[in-house]
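> Sharing a structure, written as structure tokens. Questions coming.
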Amino acid sequence: MPRWLEGRGGQPEGYCHRQILDVIRYLVAGGITWRAMPADFPAWDRAHGFTRR
1 MPRWLEGRGG
11 QPEGYCHRQI
21 LDVIRYLVAG
31 GITWRAMPAD
41 FPAWDRAHGF
51 TRR
């Protein structure tokens, strides 16, 4: 369980990890570029930053 849900500090994340993983799966399956993401997904730079961790 994330620490912010337990009340022990930290800032809630902007998007859930499920949404980010959906973005990555969409990119891999469709072979598109990061900036060509549909608007209903999280921002491309947010998802790209998640993969760079």
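Under full-length UniProt numbering, the first residue of the sequence shown carries the number 1, and numbering increases by one thereafter. Even for Gly, the Cβ is constructed at its ideal location relative to N, Cα and C. Every value quoted in this text rests on a predicted model; they were computed, and no experiment measured them.
If you draw a straight line from the alpha carbon of Asp-40 to that of Gly-49, how long is it in whole angstroms?
So the alpha carbons of these two residues sit roughly 18 angstroms apart.
> I need the DSSP call for Ile-32, collapsed to helix, strand or coil.
The answer is coil: DSSP assigns Ile-32 none of H, G, I, E or B.
> How should Ala-47 be labelled, buried or exposed, when 16 other C-beta atoms within 10 angstroms of its C-beta is the threshold for buried?
Under this definition Ala-47 is a buried residue.
> Mind checking Leu-21: buried by the 16 CB within 10 Å criterion, or exposed?
Per the 10 Å Cβ criterion, exposed.
> Measuring only the C-alpha atoms, how far is Gly-30 from Gly-14?
Between Gly-30 and Gly-14, the C-alpha separation is close to 25 angstroms.
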